[in-house]
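**Q**
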Amino acid sequence: MTELTCIVCPVGCRLKVDEENGYAVKGNTCKRGEVYGKNELQNPTRVLTTTVAIEGGTHGRCPVRTNGAIPKSKIFEAMDVLKKLRLTAPVRCGEVVLKNILGTGIDVIATRDM
Amino acid sequence: MYELAVIGGGPAGLAAAFSAYQNGLKKIVIVERDRELGGILNQCIHNGFGLHRFKEELSGPEYAHRYIEMLNDTSVEVKLDTMVIEITPDKKIYTTNPSGYEMIEAESIVLAMGCRERTRGAISIPGTRPSGVFTAGAAQRYLNMEGLMAGSRVVILGSGDIGLIMARRMTLEGAKVLACVELMPYSGGLNRNIVQCLHDYNIPLYLSHTVTEIRGTKRLEGITVAKVDENRRPIPGTEMNFECDTLLLSVGLIPENELTRAAGIDMDARTNGSRVYENMETSIGGVFACGNAVHVHDLVDYVSDESARAGAAAAEYVKGVRHKSDCALFENGYAVTYTVPQKLHKDTKAEKIDLFFRVNKVFGKSRIIVSSGDKEIAGFKRQFMVPGEMQHIILPVDKLREFDSIKISAEGEEK
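Those protein sequences? They're chains Z and C, same order as listed. Everything in the first sequence is counted per the numbering used here, starting at 25 for the first residue and increasing by one. Everything in the second sequence is counted per the numbering used here, starting at 315 for the first residue and increasing by one.
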């Protein structure tokens with residue numbers, strides 16, 4: 025049995041996950057908490073948010089995020105990829121700026137107009 | 315003459331303006347001192363915004379973008395690069411911007427100036443005055459908008475959400491975050507941020523500790539951290555030294571209310587915001603306040619809800635709705651730091667009101683009690699309550715009207 029704090033939403037439910045019982049989750053107050061509890065002990069994932077360099081924008085950096093969770097173990101590798109990326113304005117909020125990062129099947133999108 | 319002037323174009327101002335428009339006002343202006351709308355959301359590039367409001371997990375800029383897009387289809391005017399110098403009780407707004415000085419008149423005003431960070435001066439840390447000591451939000455703006463790293467070996471004082479978010483952010487960008495140090499025996503931030511910002515990156519959190527010395531001449535060279543006793547005084551012999559070039563302060567936010575005070579609006583010493591009624595009206599009729607200028611929120615979603623109420627109430631005011639002075643006061647009972655609203659118009663047409671408050675103790679299984687004198691009006695069960703998480707209850711107005719004073723208190727298992 026492992027105790028976790030759910031990070032799916034700000035409520036932060038205290039979960040109990042039973043590894044010996046098919047990763048049964050207790051203490052969650054929504055379906056997403058159950059999914060989080062099961063994944064966290066088997067294949068933890070996170071949404072990565074960062075910025076990338078942009079030419080010709082109102083600021084020098086454009087905020088981006090993965091449009092889905094990627095394996096937690098690939099976060100730093102993904103940062104290295106995004107450090108090399110250079111965008112040119114204009115970009116639109118929601119526009120894909122990098123497809124299929126590290127072969128995860130997850131795209132990186134801009135999170136503002138610039 | 316505008317029907318409504320909104321002071322501040324952050325999340326509170328955007329939601330208030332949009333709501334006023336939806337409620338029938340057409341001549342609305344947002345006055346914003348920055349060169350773009352969105353306020354603090356523009357530098358909050360992390361996700362976690364909008365779960366409640368949009369049922370999606372958005373980053374700060376995306377959340378702002380949703381509101382800016384909504385406003386694009388309205389007649390709401392925006393004045394950027396425009397600083398408000400003074401607001402008068404007769405609703406004249408004096409502003410300055412690159413083209414000069416301008417007076418704006420409005421039938422109603424929504425105050426949505428947000429808040430700012432407490433600085434080193436506010437907490438009096440002993441030591442020298444080198445560079446390298448930043449508020450967490452300043453470092454966040456440098457990094458996320460300008461692309462500049464504040465430093466490479468970092469200690470964070472204060473475990474508020476901005477500090478926690480910056481611990482992760484600086485780590486992702488290659489800095490070594492040595493520790494997060496918190497004076498109180500509990501964290502000031504959301505539990506999810508302790509997990510995903512500190513635990514994920516093995517950053518230790520020292521509760522009941524504080525910074526007792528800052529060293530360095532030109533640049534920060536190191537700090538001393540010590541454990542504190544129950545009176546928050548450093549305990550000799552518990553000192554730890556950290557070699558670091560950066561100290562980020564996440565030690566609280568102060569609602570920004572110079573304009574409010576100068577206008578003579580009643581303030582609440584607990585929140586540092588104006589005292590408001592259930593419709594977010596201040597002590598001056600037709601002047602409303604919302605968002606972090608009223609009380610510091612944990613979640614932007616709640617700022618939007620509250621600000622939408624302020625905008626709707628401003629629209630009612632412009633249409634001629636006036637409240638009688640008969641009101642009930644909300645009082646802080648046991649373990650309750652403040653409540654918002656502080657007052658209830660007894661003649662409100664609202665059936666239910668949203669009441670927000672914070673507790674000043676850590677509770678396990680507990681109850682929130684709404685009472686007047688010996689009479690319990692309502693009770694709410696909680697599995698836990700912590701000071702870092704704002705509490706929200708919904709009260710039926712019918713049950714409150716007969717009282718002049720209503721007390722909100724907490725009881726239960728204290729940790």
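The beta carbon of each residue, even a glycine, is placed where N, CA and C say it ideally should be.
Under a CB-based cut-off of 8 Å, is Pro412 (chain C) close to chain Z?
**A** It does not; no Cβ of chain Z falls within 8 Å.
**Q** Starting from Gly461 (chain C), find everything on chain Z with Cβ-Cβ shorter than 9 Å and list it in chain order.
**A** Near Gly461 (chain C) (Cβ distances below 9 Å), the residues of chain Z are Thr75, Ala77, His83, Gly84 and Arg85.
**Q** Whole angstroms are fine: how far does the CA of Phe363 (chain C) sit from the CA of Glu370 (chain C)?
**A** Their Cα atoms are separated by approximately 8 Å.
**Q** Using the Cα positions of Arg70 (chain Z) and Leu563 (chain C), report the straight-line distance between them to the nearest angstrom.
**A** Their backbone Cα atoms lie some 26 Å apart in a straight line.
**Q** How big is the Cα-Cα spacing for Lys729 (chain C) and Asn337 (chain C)?
**A** Straight-line Cα distance between these residues: approximately 45 Å.
**Q** Nearest chain C C-beta to Gly61 (chain Z) closer than 8 Å, yes or no?
**A** With 8 Å as the cut-off, Gly61 (chain Z) does not count as an interface residue toward chain C.
**Q** Which residue comes first and which comes last in the alpha helix (DSSP H) that contains Ser388 (chain C)?
**A** Looking at the sequence itself, residue 388 (chain C) is Thr, so the reference to Ser does not match. From DSSP, Thr388 (chain C) is part of no alpha helix (DSSP H); its letter is neither H nor E.
**Q** Using a C-beta to C-beta distance shorter than 7 Å, which residues of chain C count as neighbours of Gly36 (chain Z)?
**A** Neighbours of Gly36 (chain Z) on chain C, chain order: Leu504, Asn505 and Arg506.
**Q** Do Val35 (chain Z) and Thr53 (chain Z) have their CB atoms nearer than 8 Å?
**A** Closer than 8 Å, so yes.
**Q** Please state whether DSSP places Asn458 (chain C) in a helix, a strand or coil.
**A** Looking at Asn458 (chain C) - three-state DSSP - the assignment turns out to be helix.
**Q** Check Cys558 (chain C) in the structure and name its three-state DSSP category.
**A** DSSP places Cys558 (chain C) in coil when its eight states are reduced to three.
**Q** Quick one: is Met417 (chain C) buried, meaning 16 or more other Cβ sit within 10 Å of its Cβ, or exposed?
**A** Flag for Met417 (chain C) reads exposed.
**Q** Is any beta-carbon of chain C found at less than 8 Å from that of Met25 (chain Z)?
**A** No, Met25 (chain Z) does not count as interfacial toward chain C.
**Q** Would Ile31 (chain Z) count as contacting chain C if we go by Cβ distances under 8 Å?
**A** Yes, contact with chain C.
**Q** From this set, C:Phe556, C:Ile528, C:Ser522 and C:Ala603, which residue's C-alpha is nearest Val542 (chain C)'s C-alpha?
**A** Nearest option by C-alpha distance: C:Ser522.
**Q** Measuring straight from C-alpha to C-alpha, what distance separates Leu643 (chain C) and Leu709 (chain C)?
**A** Answer to the nearest angstrom: the Cα atoms are 14 Å apart.
**Q** Closer than 6 Å by C-beta to Glu391 (chain C): which residues in its own chain qualify, once you throw out the five before and the five after it? Chain order, please.
**A** Answer for Glu391 (chain C): Val343, listed in chain order.
**Q** Are there three or more Cβ pairs, one per stretch, closer than 8 Å when the segment 505-525 of chain C is compared with the segment 619-631 of chain C?
**A** As far as the Cβ criterion goes, the segment 505-525 of chain C does not touch the segment 619-631 of chain C, which means the pair count is below three.
**Q** Hey, which unbroken runs of the alpha helix (DSSP H) at 4 residues or more fall wholly within the segment 403-462 of chain C?
**A** Listed in chain order, they are 434-437 and 450-455.
**Q** Could you say which of C:Met315, C:Glu317, C:Gly322 and C:Tyr316 lies nearest to Asn732 (chain C) if we only look at CA atoms?
**A** Given that chain C is displayed from residue 315 to residue 729, the structure contains no residue 732 (chain C) and the question cannot be resolved.
**Q** Contact defined as beta carbons within less than 8 Å: I believe Tyr617 (chain C) pairs with Ile667 (chain C). What is the distance between those atoms, to the nearest angstrom?
**A** Before going on, a small fix: residue 617 (chain C) reads as Val here, not Tyr. In fact, because the Cβ distance is near 17 Å, the residues do not count as touching under 8 Å.
**Q** Should Pro270 (chain C) be labelled buried (16 or more other beta-carbon atoms within 10 Å of its own) or exposed?
**A** With chain C represented from 315 up to 729, any question about residue 270 (chain C) goes unanswered, as that position is not in the structure.
**Q** What does the alpha-carbon distance come out to for the pair Gly435 (chain C) and Asp131 (chain Z)?
**A** Going by the C-alpha atoms only, they are around 44 Å apart.
**Q** If we count Cβ pairs, one from each stretch, closer than 8 Å, do we get three or more for the segment 486-496 of chain C versus the segment 576-583 of chain C?
**A** These segments do not touch.
**Q** Taking only the alpha-carbon atoms, compute the straight-line gap between Phe670 (chain C) and Gly566 (chain C) and give it to the nearest angstrom.
**A** About 18 Å.
**Q** Any idea which residues DSSP pairs Ala622 (chain C) with across the strands?
**A** For Ala622 (chain C), which the question treats as bridged, DSSP gives no partner whatsoever.
**Q** What whole-angstrom Cβ distance do Ala378 (chain C) and Asn361 (chain C) have, given they're in contact under 8 Å?
**A** About 13 Å separates the two Cβ atoms, so there is no contact after all.
**Q** Smallest Cα separation from His83 (chain Z): which of C:Lys675, C:Arg349 and C:Tyr652?
**A** The shortest Cα separation from His83 (chain Z) among C:Lys675, C:Arg349 and C:Tyr652 belongs to C:Arg349.
**Q** Could you spell out the range, first to last residue, of the beta strand (DSSP E) harbouring Glu400 (chain C)?
**A** Here the beta strand (DSSP E) through Glu400 (chain C) covers Met397 to Ile401.
**Q** Assuming Thr396 (chain C) and Arg347 (chain C) are in contact, meaning their beta carbons sit under 8 Å apart, how far apart are those beta carbons, in whole angstroms?
**A** Their Cβ separation, rounded to whole angstroms, is 6 Å, which keeps Thr396 (chain C) and Arg347 (chain C) in contact under 8 Å.
**Q** Can Val614 (chain C) and Val654 (chain C) be called in contact, C-beta distance under 8 Å?
**A** Not a contact, by the Cβ cut-off of 8 Å.
**Q** For Thr135 (chain Z), does the three-state DSSP call read helix, strand or coil?
**A** Three-state result, Thr135 (chain Z): coil.
**Q** State the Cα-Cα distance for the pair Leu658 (chain C) and Arg136 (chain Z), rounded to the nearest angstrom.
**A** Straight-line Cα distance between these residues: approximately 39 Å.
**Q** Between Gln705 (chain C) and chain Z, is the shortest Cβ-Cβ distance under 8 Å, so that the two count as touching?
**A** Gln705 (chain C) does not count as touching chain Z.
**Q** Tell me the residue span of the beta strand (DSSP E) that contains Gly726 (chain C).
**A** Segment Ser719 to Glu728, the beta strand (DSSP E) holding Gly726 (chain C).
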